[in-house]
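Undergrad: In the order they appear, the protein sequences are chains A and B. The opening position of the first sequence corresponds to residue 1 in UniProt numbering, with each subsequent residue numbered one higher. The opening position of the second sequence corresponds to residue 1 in UniProt numbering, with each subsequent residue numbered one higher. Cβ atoms here follow ideal geometry from the backbone N, Cα and C, with glycine treated the same way.
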Amino acid sequence: MPAISLAKAPQPASTDPAQIRNFAIIAHIDHGKSTLADRMLGITEVVDPRNMRAQYLDRMDIERERGITIKSQAVRLPWRSGIDGKEYILNMIDTPGHVDFTYEVSRSLAASEGAILLVDCAQGIEAQTLANLYLAMENNLKIIPVLNKIDLPAAQPEKFAAELAKLIGCEPSDCLLVSGKTGAGVAELLDQIVEQIPAPQGDANAPARALIFDSVYDVYRGVVTYVRVIDGHLSARDQIQMYSTGVRHEMLEVGVISPEPVPSKGLGVGEVGYLITGVKDVRQSRVGDTVTNFNNPTKKPLAGYKDPKPMVFSGLYPLDGADYPLLREALDKLQLNDAALVYEPESSAALGFGFRCGFLGLLHMEIVRERLERESNLSLISTAPNVVYNVKLDDGKSMIVTNPSEFPDGKIVSVEEPIVRSTILAPAEFIGAIMELCQQRRGALLGMDYLSEDRVEIRYTLPLAEIVFDFFDKLKSSTRGYASLDYEAIGDAEGDLVKVDILLQGEAVDAFSAIVHREKAYAYGLMMTGKLRQLIPRQQFEVPIQAAIGSRIIARENISAIRKDVLAKCYGGDISRKRKLLEKQKEGKKRMKMVGRVEVPQEAFIAALATDADIEKAKAARK
Amino acid sequence: MTAQLSFYVHIPYCVKRCGYCDFNTYTPSELREGGTLEMVSNDYIDAVLKEIEIARVSAPGVVPTIFFGGGTPSLLPANDLGRVITAIKSGWSVSPDCEITLEANPDSVDASKLMAFREAGFNRVSFGMQSAQPHVLATLDRTHNPENVLRAIEGARAAGFSSVSVDLIYGTPGESLDDWRSTVESALALGVDHISAYALIVESGTKLANQIKRGELSMPDDDLMADMYLLVDRLAQESGLSWYELSNWSKPGHESQHNIAYWKNSNWWGLGPGAHSHKDGMRWWNIKHPTAYKAALFAGTTVIAESEVLTPSQLADEAIMLPIRMREGIALANLSPEQISRVSPYSQSGHVDPLKWESGILQLTPEGRLIADRIVRELVV
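1) Can you grab the Cα-Cα spacing for the pair A:Leu-135 / A:Ser-106, in whole Å?
2) Can you pull out the residues from the region 568-579 of chain A whose beta carbon lies closer than 8 Å to at least one beta carbon of chain B?
3) I need the boundaries of the beta strand (DSSP E) containing A:Ala-384, first residue and last residue.
4) Buried or exposed for B:Val-125, going by 16 or more other Cβ atoms inside 10 Å?
5) Under 8 Å by Cβ, that's how I've got B:Thr-25 and B:Cys-14 pegged, so tell me the actual separation to the nearest angstrom.
6) If you draw a straight line from the alpha carbon of B:Gly-121 to that of B:Thr-139, how long is it in whole angstroms?
7) Runs of 3 residues minimum, wholly inside the region 218-278 of chain B: which ones carry the beta strand (DSSP E) assignment?
8) Kindly give me the distance between the Cβ atoms of A:Asn-22 and A:Gly-270, rounded to whole angstroms, as I take these residues to be in contact under 8 Å.
9) Where do the ends of the alpha helix (DSSP H) carrying A:Met-528 lie?
10) From the DSSP output, which residues share a beta bridge with A:Tyr-317?
11) Measuring only between beta-carbons, confirm whether B:Gln-133 sits less than 8 Å from chain C.
12) A:Lys-584 versus chain B: which residues are under 7 Å apart at the beta carbon?
13) Is it a yes or a no for the region 192-211 of chain A touching the region 286-306 of chain A, going by three-plus beta-carbon pairs under 8 Å?
14) Going by DSSP in three states, A:Met-365 sits in which element: helix, strand or coil?
15) Could you pull the DSSP bridge partners for A:Glu-494 from this structure?
16) Do A:Lys-159 and A:Ser-179 have their beta-carbon atoms positioned less than 8 Å apart in this structure?
17) List the residues of chain B whose Cβ lies closer than 9 Å to the Cβ of A:Lys-476, in chain order.
18) Would the region 498-516 of chain A count as touching the region 589-600 of chain A if we require 3 or more Cβ pairs under 8 Å?
19) Do you know whose CA, among A:Asp-409, A:Ile-434, A:Asp-565 and A:Asp-238, lies nearest A:Gly-481's CA?
20) Can you grab the Cα-Cα spacing for the pair A:Ser-72 / A:Arg-552, in whole Å?
21) Nearest CA to the CA of A:Asp-94: which residue from A:Ile-83, A:Lys-86, A:Pro-78 and A:Ser-112?
22) Grouping DSSP H, G and I as helix and E and B as strand, with all else coil, what is B:His-194?
23) May I ask you to report which of helix, strand or coil DSSP gives B:Trp-92?
24) Smallest Cα separation from A:Ala-162: which of A:Val-224, A:Thr-277, A:Gly-82 and A:Gly-124?
25) Can you tell me whether B:Glu-328 is helix, strand or coil according to DSSP?
26) Please give the ranges of any alpha helix (DSSP H) in the region 87-160 of chain A, keeping only runs that are unbroken, at least 4 residues long and fully inside the region.
27) Going by C-alpha to C-alpha distance, which of B:Leu-246, B:Glu-245, B:Phe-23 and B:Ser-250 sits closest to B:Ser-239?
28) For B:Glu-147, which residues in chain A fall below 9 Å Cβ to Cβ?
29) For A:Arg-356, tell me which candidate among A:Val-498, A:His-364, A:Ser-347 and A:Leu-363 has the shortest Cα-Cα distance.
30) Leaving out five residues on either side along the sequence, give the residues of the same chain with a beta carbon under 7 Å from the beta carbon of A:Leu-319.
31) May I ask which residues mark the beginning and end of the alpha helix (DSSP H) holding A:Thr-35?
32) For B:Thr-65 versus B:His-258, is the C-beta spacing smaller than 8 Å?
33) Would you say B:Gly-69 and B:Glu-30 are within 8 Å of each other, going by their C-beta atoms?
34) Check whether the Cβ of A:Arg-533 lies closer than 8 Å to any Cβ atom in chain B.
35) B:Arg-369 CB to nearest chain A CB: under 8 Å?
36) Scan the region 162-215 of chain A and note each continuous alpha helix (DSSP H) run of 4 residues or more that stays entirely inside, going in chain order.
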């Protein structure tokens, strides 16, 4: 085996860039990236076989369980080429695999000269992989197409080799065949990385410039920042500076991951490693920023830095109002590790005190909620997600609305909403179902291409608002789970949007207000009033449930007054029993939320805010 | 004034268990293989007399009421029940107008037996009539024949009972409003002095609950039961029986003094297995099973299963939930301004009598009685 022991391998800070190859892996979540990475760790002998465990690099248990890698990492792998017999350093830069983390993916790609396009040869390429592939091609990365899982009986390497060749513009025979599971083809893949991917180039004598492609909070060490050195040199003795903030930091440690952190003297041109400066918050060490030397700073930052921009907003409330301080603490803690998460306190008449949170997208939202619940043992209720609206008023002013309750009444000239360009890949038999769904969601067809005989790529522009509300679940269910989706924001467009309020006995319930397209207002109103009629118990008076646009009622249901709420018998032995029941009911009443005079059990709010998919999930969990 | 102590005597035996019943009662064969009523009840009365001895030491006073409930007290021989009355009369001073009630199954009595009960000291009888409709009685799993009720009441009158009552149940699966009307009309036509009418409660674990679970019967409808309540209240009123408690109507002077004792939080001693007692803010209840109850008494160990001393907040809760059921209602002077403001809307909505409210009394209207528990929750939170 052409592995080199770490001690004999070229050392960090003194490795010739010509010996370095930096590559990313682009793959869909279940296409075997982690298994292939495990295999690479094994074959290059950076991990002792006794210490090897599955999905070695996916440290966080939440990542392991969901089968996705949220945070990228970079691993330094020494390798002796089987072709020219020379020593090389391969830096494998992991990339997140989901639509919400496109920006992080783009920075990982910017840190690499080449990418492995890893595709499960029983499934073919997925929409997000395709989007990331295009991103890599735009960045002029050398693409090595690799078909994984060739050991599977259902493998169709010829079919998907043809698909990849068509996408990249190469020959089907250029696709490498590997099995992360058996290890077949992995050594050849490492050799091809050396052969095909260009060595990094940079000016070793220029002021230091290093690209931050990831930033992770560690309880013991503070923020660990992953960088790729473009020019110059970072030394363990340096003081460094973040270009965007101008803040100076002491360098406490610099090193490489192999795959455990190994401190080094520094990092030179083309090298990939980590920095620890003692900062406690990832927002002080942002992905995409340029690290330079404080005493000899660069005047030219690296291109492409962007502040993460939340696209989807939702209210998060503790089920038990007393947990509000706990939720604040949990969010503060999470934000240390998640520069994209934004939140501010908000209160709802119906749900009490909580936070309006902004997320990169739906997955990001789900992950945040799940981590809050799991890591801080909180039970949360979240309002329906919404996007950011730009509302122009008739006095010439405009306002940004991230919460339906802020949507102005009247005086509106126009409302703009974010639009995305979406790509859906699916077997051709589902074209009709997909087009129908996109049509219902105000989509406009951009085009359609056959990737192979029976697989198509369908492109639509869609309002993001239509995607954030259960689009993905509907897409999956109407394509028997085969379709994959990717989208990217392409700007804002005016829409005929209105706010629908839900009123209980004339009182609007803020948690149920929604901004929807005028044509869908009626359907939303009907759906919510119908749901609530089932969920809200009868009161001692009649309760009208109305849906309204401004003062215009568009749907109405009635909960008739309760007529009987009494136990007929109350004799000797009944008295203690009845009083105990009353004591229980007192507790129950405390958990009731009051909307005007109407008592609404918390369960009714939860159920009314749940999507069909949530309900299915809850049912499945009960089984 | 001397302390008062009412007695409840539990007779935990029935010939068979009715489908809706979850009371602490047993058929003789449930208690002993091949047992007869005479065999199992023989030493039961001896056990009750032992508990009376305990009560005599710890709760002296004047006895205003005695109530024999069950189970089916009328199943036992009159002289057995008479032994209990005699024991109470010898241990306490019993007021001359002491109300002594017998719960009776119309099937288990005839004119001579009723005469014997009267001679044993009973002066009030309450018959479990439940319904005048055979199909409703069948669903309730009751054995008696509607005609027996008339015979039993005539027998009671002939024997000289001064107060005769019937118990009725409404809301049985399959019972229509018209069924109920004819039941109430037949009960009133019997010329009774008192009616108790209870909405059927489907208690879990009963035969009825299982039949509903299996879909053989449907759950009683709350709105229909509300109509049934309003109907019995109106018909009783028209016949000269006015409500004095949520589920009880009587001719003037025929209110059950024993039950009023419960709602006024007086002191009472419950004799028998599972029976509850209350004395000066303490409640306790006995071991539930008759066999264990008897064994404890004959062994000289305590028959009390559990007890509780009411906290001020529990006393306050009871001071709302009990009197609100009664015609007398609650004096607003006994409520806090906050409680008054919470209930005040009900005096506008037809649930609380507005004139009484003006005069300082919280008294529920028929519609208000139907949601009494809800109003109680408003008051106690």
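TA: If we stick to the structure as given:
1) Within the first sequence, numbered from 1, the residue matching residue 135 of chain A stands at position 135. Within the first sequence, numbered from 1, the residue matching residue 106 of chain A stands at position 106. Taking the straight line from one Cα to the other gives about 7 Å.
2) Listed by position along the chain: Ala-568, Lys-569, Cys-570, Tyr-571, Gly-572, Gly-573, Ile-575, Ser-576, Lys-578 and Arg-579.
3) Counting from one through the first sequence, the residue named residue 384 of chain A turns up at place 384. Looking at the DSSP string, A:Ala-384 is not in any beta strand (DSSP E), and its letter there is neither H nor E.
4) Within the second sequence, numbered from 1, the residue matching residue 125 of chain B stands at position 125. By the 16-neighbour rule on beta-carbons within 10 angstroms, B:Val-125 is buried.
5) Sequence index remark: in the second sequence, residue 25 of chain B carries index 25 (1-based). Sequence index remark: in the second sequence, residue 14 of chain B carries index 14 (1-based). The pair is a contact, with the Cβ atoms about 5 Å apart (cut-off 8 Å).
6) Within the second sequence, numbered from 1, the residue matching residue 121 of chain B stands at position 121. Within the second sequence, numbered from 1, the residue matching residue 139 of chain B stands at position 139. Straight-line Cα distance between these residues: approximately 35 Å.
7) 242-245, 248-250 and 268-271
8) Translated into positions along the first sequence, residue 22 of chain A becomes position 22. Translated into positions along the first sequence, residue 270 of chain A becomes position 270. Contact flag correct, Cβ pair sits at about 7 Å.
9) Translated into positions along the first sequence, residue 528 of chain A becomes position 528. First-last of the alpha helix (DSSP H) with A:Met-528: 518-535.
10) Against the first sequence, residue 317 of chain A aligns to sequence position 317. In DSSP, A:Tyr-317 forms a bridge with A:Ile-381.
11) Here chain C cannot be found, since the structure's protein chains are A and B.
12) The count along the first sequence starts at 1 and reaches residue 584 of chain A at position 584. Ordered by position in chain B, no residue passes the 7 Å Cβ test against A:Lys-584, which lies about 11 Å from the chain.
13) yes
14) For the purposes of this step, residue 365 of chain A is taken as the residue at position 365 of the first sequence. Helix, per DSSP.
15) Looking up residue 494 of chain A in the first sequence gives position 494. Paired residues: A:Glu-416.
16) To locate residue 179 of chain A, count along the first sequence from 1; it is residue 179. To locate residue 159 of chain A, count along the first sequence from 1; it is residue 159. Their beta carbons are not under 8 Å apart, which means A:Ser-179 does not touch A:Lys-159 by this criterion.
17) What you label residue 476 of chain A is simply residue 476 of the first sequence in a count that begins at 1. Those do not exist, as A:Lys-476 stays about 36 Å from chain B at its closest Cβ, beyond 9 Å.
18) yes
19) Along the first sequence, read from residue 1 onward, the residue named residue 481 of chain A stands at position 481. When only C-alpha atoms are compared, the closest one is A:Ile-434.
20) The residue given as residue 72 of chain A occupies position 72 in the first sequence. The residue given as residue 552 of chain A occupies position 552 in the first sequence. The predicted position of A:Ser-72 is uncertain, since its pLDDT is 47 and thus under 50; a value taken from the coordinates is nonetheless stated next. For A:Ser-72 and A:Arg-552, the distance between alpha carbons rounds to 51 Å.
21) Counting from one through the first sequence, the residue named residue 94 of chain A turns up at place 94. Comparing Cα-Cα distances from A:Asp-94 to each of A:Ile-83, A:Lys-86, A:Pro-78 and A:Ser-112, the minimum goes to A:Ser-112.
22) Indexing the second sequence from 1 puts residue 194 of chain B at position 194. The DSSP-derived three-state label of B:His-194 is strand.
23) Counting from one through the second sequence, the residue named residue 92 of chain B turns up at place 92. Looking at B:Trp-92 - three-state DSSP - the assignment turns out to be coil, as it is neither helix nor strand.
24) Position 162 of the first sequence, counting from 1, holds the residue named residue 162 of chain A. Ranking A:Val-224, A:Thr-277, A:Gly-82 and A:Gly-124 by Cα distance to A:Ala-162 puts A:Gly-124 first.
25) To locate residue 328 of chain B, count along the second sequence from 1; it is residue 328. Note: B:Glu-328 maps to coil in three-state DSSP.
26) 102-110 and 127-138, all fully within the region 87-160 of chain A.
27) For the purposes of this step, residue 239 of chain B is taken as residue 239 along the second sequence, with counting starting at 1. Answer by Cα proximity: B:Ser-250.
28) Numbered from its first residue, the second sequence carries residue 147 of chain B at position 147. By Cβ distance, chain A contributes nothing, its closest Cβ being about 27 Å from B:Glu-147, past 9 Å.
29) Your numbering for residue 356 of chain A matches position 356 in the first sequence. Here the closest residue by C-alpha is A:Ser-347.
30) Sequence index remark: in the first sequence, residue 319 of chain A carries index 319 (1-based). Cβ within range, chain order: Ser-379, Leu-380, Ile-381 and Gln-602.
31) Residue numbering aside, residue 35 of chain A sits at position 35 when the first sequence is read from its first letter. Element bounds for A:Thr-35: 33-43.
32) Position 65 of the second sequence, counted from the first residue, corresponds to residue 65 of chain B. Position 258 of the second sequence, counted from the first residue, corresponds to residue 258 of chain B. In this structure, B:His-258 lies closer than 8 Å to B:Thr-65 by Cβ.
33) For the purposes of this step, residue 69 of chain B is taken as the residue at position 69 of the second sequence. For the purposes of this step, residue 30 of chain B is taken as the residue at position 30 of the second sequence. No, the pair does not count as a contact, with Cβ atoms beyond the cut-off.
34) Residue 533 of chain A sits at position 533 when you count from the first residue of the first sequence. A:Arg-533 is outside the set of residues whose beta carbon lies under 8 Å from a beta carbon in chain B.
35) Residue 369 of chain B sits at position 369 when you count from the first residue of the second sequence. So yes, B:Arg-369 belongs to the interface.
36) 186-196
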